[in-house]
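*Asks:* Residue numbers for the sequence shown follow the numbering used here, beginning at 1 and rising by one. Think of the CB as a built atom: it goes at the ideal place given N, C-alpha and C, for glycine as much as any other residue. All values reported here derive from a predicted model rather than from experimental measurement. Could you have a look at this structure, given as structure tokens, before my questions?
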Amino acid sequence: MPDQSLDAVFKLKPTHRLQWEPAQKCDVLLYAEGMVTLNPSASEILKHLDGSRDLRTVINDLERKFDATGLEEDVLEFVHSARERGWITAVQD
């Protein structure tokens, strides 16, 4: 699992926009270089990375929403990947 603090807060980079794409029948991430088609899990995580909640809260909210447990590793892996791809940025205090 990536070494990421559960206290960290993230949001989409200002150059990126998450939106529903009717032609694709899914959420997509739009940015200057193109578009990424998102699977439902990625879309839900990105919707929760709104700059107001730490990762602990995001994970708890997702587990409640989907009546699931054990999502921490998957969420942290996705956050790590999204940071590497430049989709999200950490919010500084």
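Excluding the five sequence neighbours on either side, which residues of its own chain have a C-beta within less than 7 Å of the C-beta of residue 41, listed in chain order?
*Replies:* Excluding the 5 residues flanking it on each side, residue 41 has no same chain C-beta neighbour closer than 7 Å.
*Asks:* Between the alpha carbons of residue 80 and residue 4, how many angstroms are there, rounded?
*Replies:* 8 Å
*Asks:* Just the C-alpha distance for residue 76 and residue 92, rounded to the nearest angstrom, thanks.
*Replies:* Straight-line Cα distance between these residues: approximately 18 Å.
*Asks:* Quick check on the burial criterion: 16 or more other C-beta atoms within 10 angstroms. Buried or exposed for residue 27?
*Replies:* The residue is buried, with at least 16 neighbouring Cβ atoms inside 10 Å.
*Asks:* Hey, how far is the Cα of residue 90 from the Cα of residue 50?
*Replies:* 10 Å
*Asks:* Kindly indicate the opening and closing residues of the alpha helix (DSSP H) around residue 32.
*Replies:* Taken as a continuous stretch (DSSP letters only), residue 32 belongs to no alpha helix (DSSP H), as it is neither H nor E.
*Asks:* Along the alpha helix (DSSP H) that carries residue 76, what are the first and last residues, could you check?
*Replies:* 72 to 84
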